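Undergrad:
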Amino acid sequence: MYSPKINEEFIPALYRLAKERKKPMTQLVNEIIGNYLADQRKEETDVSDHRHSGATPAGLSSRACAG
Numbered sequence: 002m003y004s005p006k007i008n009e010e011f012i013p014a015l016y017r018l019a020k021e022r023k024k025p026m027t028q029l030v031n032e033i034i035g036n037y038l039a040d041q042r043k044e045e046t047d048v049s050d051h052r053h054s055g056a057t058p059a060g061l062s063s064r065a066c067a068g
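Here's what the structure looks like:
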């Protein structure tokens, strides 16, 4: 399975945050990624719902939603 490498510049901040929260860094990173992906799915669902209802999501013109 593909295992991407975490950018070296993120490691110190992730390490400190994991220590503060008293959890392994891998668990912290998995939670961060999981939360991000859940937020993205929610945004995609919200945009899709607006497209099907004819409503325009906040910050987007009706033209941008014509997709």
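The sequence shown runs 2 to 68 under the numbering used here. A virtual CB, placed ideally from N, CA and C, is assigned to each residue, including glycine. Because the structure is a prediction, the values reported are computed rather than measured.
Once DSSP output is grouped into helix, strand and coil, what is the label at K6?
TA: Start at 1 with the first residue of the sequence shown, and residue 6 comes out as number 5. Three-state result, K6: coil.
Undergrad: Rounding to the nearest angstrom, what Cα-Cα distance links K43 and N31 in this structure?
TA: Position 42 of the sequence shown, counting from 1, holds the residue named residue 43. Position 30 of the sequence shown, counting from 1, holds the residue named residue 31. Cα-Cα distance, rounded: 18 angstroms.
Undergrad: Determine the direct distance from the alpha carbon of S54 to that of P25, and round the result to whole angstroms.
TA: Counted from its first residue, the sequence shown places residue 25 at position 24. Counted from its first residue, the sequence shown places residue 54 at position 53. Cα to Cα, P25 sits roughly 43 angstroms from S54.
Undergrad: Hey, out of P5, A39, I33, R52, whose CA is closest to A14's CA?
TA: Within the sequence shown, numbered from 1, the residue matching residue 14 stands at position 13. Residue I33 is the option with its Cα nearest to A14.
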